[in-house]
Amino acid sequence: MMSLLMEVSPSSAGEATNVVSRLQTALLTVMKDAKQLGYHGRYKQLALVVEDTHDLLFVARFAVGPQWAKLTEDQRTSLVATFDRLSIATYAARFDGYAGEQFMVISEKSLPRGQGQLVESHFVKPNGEIVHFNYVLRQENEHWKIVNIIVNGVSDLALKRAEYARVLEKDGFQALKAKFEEQIRHYAQER
Amino acid sequence: MTRKCHKPAYPVLAMLVTVVGLMTGCATVATSTGETQDPLEPVNRSVYTFNDYLDRYIGKPVADGYVFVTPEFARLGVSNFLDNIRDVNVIVNDFLQGKVKQGFSDSGRFLVNSTFGLGGLFDHATPLGLPQHTEDFGQTLGVWGLGEGPYLMLPAFGPSTARDAPNLLISTFANVLFFVTGPVALSLSALGFIDKRARADQAIQTRDEMAVEPYLFTREAYLQHRRFLVYDGNPPLPEMNLEETYAEMMDDPVLLPDQDDQDSEMRRTVD
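Taken in sequence, the protein lines are chains A and B. So for the first sequence, the numbering used here puts the first residue at 1; every next one is plus one. So for the second sequence, the numbering used here puts the first residue at 1001; every next one is plus one.
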């Protein structure tokens, strides 16, 4: 099965592919050193690359949806800052070990109506099982940034939008921020 | 996510499709803005809470106990055995979807594992180039063009849709254990539930860690993953109007991407 996969070399890859490859290389590095680094080490090592490769401001804002207009400037700034920490913490917590997994970039293509680039990749587990990791990137100030990750058909951005908009609408800003903080604490304690 | 309704090319099952079609209509559960419609949400949420308690006090403890007392190789044998039985349902749906080549491949897989694999305990088919596929009657109805219908949370069985719910019945009839009676059948059916719960443990743990609103997280993840399966791994991208948010961001005087260096520095410090 592995032989059927095509690894895109950086020289032939597009800019969006390079961004995804940079993230995936960083993830594999922390996975391989996961135990020595511990959660905090992984967090530190991933913080910069996650911020550089993702448009976290856009993701937070899109996920909040129409409720964004009702937030004060302080609330917006605070929410985005907490969301950034949560995003890094999620990577640090979930990529916490290595057993021979590999990332393979399969293709890069333009999305219709100028919606950005789609980079399709596979996360190959040691038993040969393939998890589809597809990334949607948008260009911002000449830099391509990840705005959506679709894992086996499940869009992270769509999940967040469904959840965050509802929590904000039903329980308010403090409740959403408290949930973010709770998740960050949980990730830090568990590993 | 809209799929155009069309008549099935399989006349024998046209009546069944018509019946299910009357029940579900060709409506999808997503609006043009990509937001999911969930007309049964109040009831679904009650069932979700019930299922959560059921899992917390029965499902998870039993599955944890099973994992604790059963060696890994034995659990793998049980999973292989049950998968092999379920492959019959996969084969039926391969052919119903017109996937003839895959149908023969899965038939070969079933034969190899049932014989050389000692009744399915060992998976000798995968290394021989006969990989496992995931097909069921809900996917078949989707391939035939039937809409998802409303989202359903079924007691004990979990997330589903009007289109997927009949799969419970079909997969039961396609399961050889259904035709076996007595305590052996009951034990194997119970083992099937325990095995499924044990294998789903990591996914449930991920949901518990990542979900801000677990009911919505489960619903959206289920619906999107089912579309992924119906489209054999190539579903249309979810309808999301990203441009609107981008345009708003450009007009936002406070939080342009390069203006939050101070926050950025703060984020890099570890909690």
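For each residue, glycine too, the CB sits at the ideal point set by N, CA and C.
Given a length threshold of 4 residues, each whole run of the alpha helix (DSSP H) inside the segment 1128-1187 of chain B is given here in chain order: 1137-1143, 1166-1173.
E51 of chain A and R61 of chain A have their alpha carbons spaced roughly 15 angstroms apart.
Less than 8 angstroms divides the Cβ of V1176 of chain B from the Cβ of V1088 of chain B. Within the DSSP secondary-structure output, M31 of chain A pairs in no beta bridge. Taking I1170 of chain B as the centre and dropping the five residues before and after it, the same chain places the C-beta of F1137 closer than 6 angstroms to its C-beta, in chain order.
In this structure, V59 of chain A sits near L157 of chain A, with a CB-CB distance shorter than 8 angstroms. For N1044 of chain B, same chain residues with a beta-carbon under 6 angstroms away, outside a window of 5 residues either side, are M1153 in chain order. Listed as beta-bridge partners of M104 of chain A by DSSP are A:H122. For L1216 of chain B, the chain A residues whose Cβ falls inside 7 angstroms of its Cβ are A162, E163, R166, in order along the chain. The beta carbon of V30 of chain A does not come within 8 angstroms of any beta carbon belonging to chain B, so the residue lies off that interface.
According to DSSP, I1194 of chain B shares a beta bridge with no other residue. Annotation for I1091 of chain B: G1103, D1106, S1107, F1110 place their beta carbon closer than 7 angstroms to its own, counting only its chain and skipping 5 residues before and after. In the DSSP assignment, F1116 of chain B falls outside any alpha helix (DSSP H) and carries neither an H nor an E.
Looking at the backbone, the Cα of A34 of chain A and that of Q102 of chain A are separated by about 15 angstroms.
Shown here, T72 of chain A sits in coil according to DSSP, grouped into three states, outside any helix or strand. For F133 of chain A, there are no C-beta contacts with chain B under 9 angstroms, since the nearest C-beta of that chain is about 12 angstroms from it. Apart from the 5 residues on each side of it in sequence, Q1097 of chain B sits with its Cβ closer than 6 angstroms to the Cβ of T1140, V1143 in its chain, given in chain order.
Setting aside the 5 residues that flank it on each side, Y1048 of chain B is surrounded in the same chain by M1153, Y1215, each with a C-beta closer than 6 angstroms to its C-beta; the list follows chain order. Boundaries of the alpha helix (DSSP H) around I1091 of chain B: 1072-1096.
Spatial neighbours of K109 of chain A in its own chain (CB-CB distance under 6 angstroms, excluding positions within 5 residues in sequence) are listed in chain order as L118. Buried is the label assigned to H122 of chain A, since at least 16 other Cβ atoms lie within 10 Å of its Cβ. A Cβ-Cβ separation of about 4 angstroms places I150 of chain A in contact with N134 of chain A under the 8 angstroms criterion. Judged by beta-carbon spacing, G65 of chain A lies beyond the 8 angstroms limit of R138 of chain A, meaning their Cβ atoms are not closer than that value.
Residues V19, R22, L23, K145, I146 of the same chain have their beta carbon placed closer than 7 angstroms to that of T53 of chain A, with the five preceding and five following residues left out of the count. If you ignore the 5 residues before and after G14 of chain A, its C-beta comes within less than 6 angstroms of the C-beta of E108, all in its own chain and listed in chain order. Straight-line spacing of the CA atoms in R1199 of chain B and F1157 of chain B works out to 15 angstroms.
Listed along chain A, no residue sits closer than 8 angstroms to P1155 of chain B by beta-carbon distance, the nearest being about 23 angstroms off. Taking a 10 Å sphere around the C-beta of D1164 of chain B, we find 16 or more other C-beta atoms and assign the residue as buried. As DSSP reads the structure, L137 of chain A sits in a beta bridge with A:Q117, A:I146. Distance between S1114 of chain B and D1055 of chain B, taken at the CA atoms: about 32 angstroms.
Inclusion of Y164 of chain A and A92 of chain A in the CB contact set at 8 angstroms is not warranted, their separation being larger than that value. The CB of P1235 of chain B comes closer than 7 angstroms to the CB of G153 in chain A, given here in chain order. Cβ neighbours of L57 of chain A within its own chain (closer than 6 angstroms, five residues either side excluded): V80.
Between E120 of chain A and I106 of chain A, the C-beta gap is smaller than 8 angstroms, which places the two residues in contact.
Proximity of chain B to V147 of chain A at the Cβ level (cut-off 8 angstroms) is accounted for by L1242, in chain order. Under the Cβ criterion of 8 angstroms, F103 of chain A is not counted among the residues facing chain B.
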